[in-house]
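Peer 1: The listed protein sequences correspond, in order, to chains A and B.
For the first sequence, our numbering begins at 1 and goes up steadily by one.
For the second sequence, our numbering begins at 1 and goes up steadily by one.
Here you go, one structure.
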Amino acid sequence: MPEKTMRDAINEALHQAMEQDESVFVIGEDVAGCSGSAGDVGAVGGVFGVTEGIYHRWPDRCIDTPISESAIVGAAAGAALVGMRPVAEIMFADFIGVCMDQIVNQMAKFRYMFGGKSRCPAVIRFSSGGGFSAAGQHSQAMYQVMTSFPGLKVVVPSNAYDAKGLMLTAIQDDDPVLFFEPKILYQETADVPDEMYTIPFGEANFVREGDDVTVVAFGQMVPKAAAVIDALAEEGISCDLIDPRTTSPLDENAILESVEATGRLVIVDEAPPRCGLTADIAGLAADRAFSSLKAPIKQVCAPHSPTPFSPELEAAYLPDADKITAAIKATLA
Amino acid sequence: MSIPKETLLHAYRTMKTIREFEERVNAEIMNGQIPGFTHLYTGQEANAVGVCAHLDESDTIISTHRGHGHCIAKGAEVSGMMKELFGSSEGLCKGKGGSMHVADIDKGILGANGIVAGGPPISVGSALAAKIRKNGKVAVSFSGDGSVNQGTCFEAMNMAVVLQAPAIFVIENNYYSEHTSINYAVGCDDLKARTEAFGFPVFVADGADFFAVYEAAGKAIAHARAGNGPAGVFAEQGRYHGHFVGDPQAYRAEGELEDLRENHCPLKIFRAKMAESGELSDAELDAIDAEVMAEIEQSVTDAKAAARPTADQVTEDVYIQYTATA
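As C-alpha cells, then:
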C-alpha cells in the first residue's frame, strides 16, 4: 500500500470527491492562491498545501476569497442550504474567533430551528493545534470548544489513513462537519490506499489493545500516547489506546467497555483543561463506569494558559511522553 | 412601467396579508397568546412585496429578526407561520424556531434570522451556488439600517463583488437600529454612497410605495441575473411598531407615528395609485381585504387548536443522522 503524508491524503480525498460530485467545491483564503496577481494563479493550494492542484483541474470550483472568515463560513453554509457540498478552509482553528456566529448560530442551528426541513452539508476545515511555535493566536486546538455545540459534527484525525477516510465521510455527510487537521501531523506518513474509502463517524479506533489501563487520546496526542504505551509494554504494562476520531458524535461505548475491562482511565488532550474533552470523558466514566474504576481518573492536558511562543515554553506547555507516562503509572500505583 | 393586473392583485393581497398578520400577532401577544420575542414589519410591507414580486421559488431570500413580511412575500404559508408563532408542533418549523426563525427552504426562504447581519454571508453562498451552477438564480438578503453596521455585512458585500455572485442586498432603512437613530449609528451622511463604494449599483426607492420598490428591485435583480454581479436596493420607510412588541418607543418624535400611518402607508398609497390609474377598482380591493381578514382569522383559530409539541420532540431534528454509520 502506498505511503502518503496526511497532507497528501486529505488532498487526495478532496480531488476524488470533486471528481465524483460536481456539487463539491473548495473555498477559502489562498486555496488556489495568487488570484488577481501577475503571478501563477493556483500556485499556492492553501498555506499548508492541502488544496494543491485543485484549481488547475476545476478553476470554477476552487474559489479564493478575501480575508473574511465570517463570509467564508457563511458562503459555505448558504451554498450547502441550496444543495452544494462546499469544503471551506479556515486557515487556523484560532480564527473561529472571527467567524463563531456563522458556525454556532447559523449553520449548527439551521436544521433544528427550521423544524428538520433543511440540510446543510458543509465541511469547514481548520489547521489545528500546537507544536509550531506559532504562539497564542495560531496554535489552539478548538475542537473541544466546538464539540459542545449541538448540530455540529467534529472530526479530529490522528493519521493520514484516517484523515482520508474521514474527509470522504465528511463530504458525503448531510450535516455540517468541522474537520480539525492537527498541523503538526501534516507531514507524518501512513499507508493510504489510492481508492476512495470512508470511515464512519462515532466509531473509535483501538490503536493499541491491552489489559491494564485505558488511554483515550485525541489528534496529535494519539501518536505521542502510542509511543509511550509501546515503551511501557517493555515494562510489562499493557494499555488500550482509543482514538475516538470524532468528538461529536463520540463513541462512548468503546470508552466505557474498555474502562469496564481495565478499571483505569487516562485521557490525553493538547487543549487546556477547563470544560474540555478530558473532563468530558472523565465525567462519562464517573457517571457510567464508576463501579469498574480501580484508581482515580487521570487527565493529561495543557495548563490553563494560552499557548506560549518560545520552544522551551511550548514544550513545557504541551503534554509530552513524561506526563503521559506518569499519569498511566499513577493509575497503577 | 406597465405591471400585469395579476401582479397588482397579488401585490396588494400580499401587502394586506402582511399588515393583518402583523396587527393580529401584536394583539395576540398583548393578550398573552404568543410567547417569546417578536418584531413586527407593519408599515414596511411594500419593501418585501416589491422585491419578492421579481422572484420565483428557486431564487432565495434570507431575512432578519423582523422577518414575517419577507417570508409571507416569498410565499410562506400564513397558517403554518401563525402556528409556528403560537409554538405548535404543526408550525412551519414544528415549533422549534418561532418568530425569529421562520423558514421554508422549498420556497427559497432561507430563514428569518435572529442575529443582526447573520444573513448576508449566507445569501452570498446561495448566490455563489447559482453562479457555479450557471442557473440564472439570484439570492436576496434583507438588511436593516442596523445590519449595515455589522462586519459580516461588509464582508458579504465585498465578497459578493469579488466573486461576482448574483447577490441582491436590500437595505431597509426604518430609521432606527433598535432604539438608536440612524443619524447616530451610521457614521456617514450618505448610506447609499457608502454601500455603492463596495463596487455595485444601488437603486433607491420610497419604501412606502410598492411601485417605486418594484421598479428599483427590478433593476437590481435584472443586473444580477444578467451576470453583472451584485446589486443593491435602498428603501426608506419607518415601522409602525417598536423594535419589539412592547417597546415604549421613547425615540419617536411627536407626531411621527401618526405621520407614518397617515402619509406613508403602503396600502393607502397603493389604493390611491390604483384609483388614479383605474387599473384596479375599490370593489376588487375591498374583496381582497375581506378575504385576507377571513384568512388571518382562520389562521388564529387553527393555531389555537393546533397540536402542542411533546417533550420527546426536544432532541429531534438536531442532526439528520448522529449515530455511527457504516
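Backbone N, C-alpha and C define an ideal beta-carbon position, used for all residues, glycine too.
Suppose you measure from the CA of B:G278 to the CA of B:R13; what does that come to, to the nearest Å?
Peer 2: Roughly 17 Å separates the two Cα atoms.
Peer 1: Can you tell me which residues form a DSSP beta bridge with A:P86?
Peer 2: According to DSSP, A:P86 bridges with A:F25.
Peer 1: On the DSSP bridge assignment, give the partners of B:P201 in chain order.
Peer 2: Answer by DSSP bridge pairing: none, since B:P201 is not bridged.
Peer 1: Mind listing the chain B neighbours of A:T65? Cutoff is C-beta to C-beta under 9 Å, in chain order.
Peer 2: Simply M159, V162, L163.
Peer 1: According to the Cβ coordinates, are A:A13 and A:C62 closer than 8 Å?
Peer 2: Their beta carbons are not under 8 Å apart, which means A:A13 does not touch A:C62 by this criterion.
Peer 1: What does the alpha-carbon distance come out to for the pair B:G50 and B:K268?
Peer 2: Distance between the alpha carbons of B:G50 and B:K268: 15 Å.
Peer 1: As a quick exercise: from A:A286, A:D322, A:T331, A:D194, pick the residue whose alpha carbon is nearest that of A:M1.
Peer 2: Taking only the C-alpha atoms, the option nearest A:M1 is A:D194.
Peer 1: Can you tell me whether A:L332 is buried or exposed? The criterion is at least 16 other CB atoms within 10 Å of its CB, across all chains shown.
Peer 2: Its Cβ having fewer than 16 others within 10 Å, A:L332 is exposed.
Peer 1: Expressed to the nearest angstrom, what Euclidean distance is found between the alpha-carbon atoms of A:E260 and A:P303?
Peer 2: Looking at the two C-alpha atoms, the distance is approximately 29 Å.
Peer 1: What number of angstroms, rounded off, separates the C-alpha of A:G53 from the C-alpha of A:P59?
Peer 2: Cα-Cα distance, rounded: 10 Å.
Peer 1: Quick one: what does DSSP say A:P311 is sitting in, helix, strand or coil?
Peer 2: The answer is helix: DSSP assigns A:P311 an H, G or I state.
Peer 1: Given B:A326, which residues of its chain have a CB within under 8 Å of its CB, disregarding the five upstream and five downstream residues?
Peer 2: In this predicted model, B:A326 has a pLDDT of only 39, less than 50, meaning its place in the structure is not dependable; the value taken from the coordinates is given anyway. So no residue of the chain qualifies.
Peer 1: Report the residue ranges of all beta strand (DSSP E) runs contained in full by the segment 246-275 of chain A; include only those spanning at least 3 residues, in chain order.
Peer 2: For the segment 246-275 of chain A, whole beta strand (DSSP E) runs of length 3 or above, ordered along the chain, are 246-248, 265-268.
Peer 1: Applying the criterion that 16 or more other CB atoms from any shown protein chain within 10 Å of the CB defines a buried residue, is A:C275 buried or exposed?
Peer 2: A:C275 is exposed by the Cβ-count criterion.
Peer 1: Using DSSP with H/G/I as helix, E/B as strand and the rest coil, what is B:M274?
Peer 2: In the structure shown, B:M274 sits in a helix (DSSP, three-state: H, G or I).
Peer 1: Under 8 Å, Cβ to Cβ, is there at least one residue of chain B near A:R119?
Peer 2: Yes, A:R119 counts as interfacial toward chain B.
Peer 1: Go through its chain and collect everything with a Cβ distance to B:Y41's Cβ below 8 Å, but skip five positions before and after it.
Peer 2: Counting only Cβ-Cβ distances below 8 Å, and skipping sequence neighbours, we find I18, E22, A48, R66, G67, H68, G69, H70, R239.
Peer 1: With DSSP collapsed to three states, give me the class of A:T214.
Peer 2: Correct three-state label for A:T214: strand.
Peer 1: Using 10 angstroms around the beta-carbon of B:A294, count the other beta-carbons present and answer buried if the total reaches 16, otherwise exposed.
Peer 2: It counts as exposed.
Peer 1: Near B:V204, which residues of its chain fall below 7 Å by C-beta distance, leaving aside the five closest residues on each side in sequence?
Peer 2: The answer, listed in chain order, is K192, A216, F234.
Peer 1: Quick one: Cα of A:A17 to Cα of A:P176, how far?
Peer 2: So the two alpha carbons sit approximately 16 Å from each other.
Peer 1: Is there a Cβ of chain A sitting closer than 8 Å to that of B:S181, yes or no?
Peer 2: For B:S181, the answer is no, since every Cβ of chain A falls outside 8 Å of its Cβ.
Peer 1: How about B:V51: is its C-beta nearer than 8 Å to some C-beta of chain A?
Peer 2: Chain A, which has no Cβ nearer than 8 Å to the Cβ of B:V51, makes this no.
Peer 1: Rounded to the nearest angstrom, what separates B:K137 and A:A163 at their Cα positions?
Peer 2: For B:K137 and A:A163, the distance between alpha carbons rounds to 36 Å.
Peer 1: Counting only the same chain and skipping the five closest in sequence on each side, list residues whose C-beta sits under 8 Å from that of B:P248.
Peer 2: If we look at B:P248 and ignore the five residues flanking it on each side, its Cβ neighbours are G242.
Peer 1: Got a sec: is the Cβ-Cβ distance from A:Y334 to anything in chain B below 8 Å?
Peer 2: A question about residue 334 of chain A goes unanswered here, because the residues of chain A that appear run from 1 up to 333.
Peer 1: What do you get for A:N159, buried or exposed, if any count of 16 or more other CB atoms within 10 angstroms of its CB means buried?
Peer 2: By the 10 Å Cβ count, A:N159 comes out buried.
Peer 1: Mind reading off the beta-carbon distance from B:F86 to B:Q33? Whole number of angstroms is fine, and I expect it under 8 Å.
Peer 2: The Cβ separation is near 7 Å, so the contact holds.
Peer 1: If contact is defined by three or more beta carbon pairs under 8 Å, each pair taking one atom from either stretch, is the segment 140-153 of chain A in contact with the segment 178-185 of chain A?
Peer 2: Contact between the segment 178-185 of chain A and the segment 140-153 of chain A is present, because at least three Cβ pairs lie under 8 Å.
Peer 1: In terms of alpha-carbon separation, which member of A:T189, A:K224, A:R245, A:P306 lies closest to A:S133?
Peer 2: The shortest C-alpha separation from A:S133 is found at A:P306.
Peer 1: Could you check which residue in A:E270, A:I297, A:I10, A:S310 has the C-alpha nearest to that of A:I330?
Peer 2: The question names Ile, yet the displayed sequence has Ala at residue 330 of chain A. The option with the nearest alpha carbon to A:A330 is A:I297.
Peer 1: Quick one: what does DSSP say A:E3 is sitting in, helix, strand or coil?
Peer 2: Three-state result, A:E3: strand.
Peer 1: Using a Cβ cut-off of 8 Å, pull out every chain B residue sitting near A:D162, in sequence order please.
Peer 2: Chain B residues near A:D162: none, gap ~14 Å exceeds 8 Å.
Peer 1: Which residue from A:I90, A:C99, A:V207 puts its Cα closest to that of A:P223?
Peer 2: Among A:I90, A:C99, A:V207, the Cα nearest to that of A:P223 is on A:V207.
Peer 1: Is it true that the CB of B:P120 sits closer than 8 Å to the CB of B:F169?
Peer 2: Contact flag set, yes.
Peer 1: Ends of the beta strand (DSSP E) at A:Q299?
Peer 2: Note, A:Q299: beta strand (DSSP E), 298-300.
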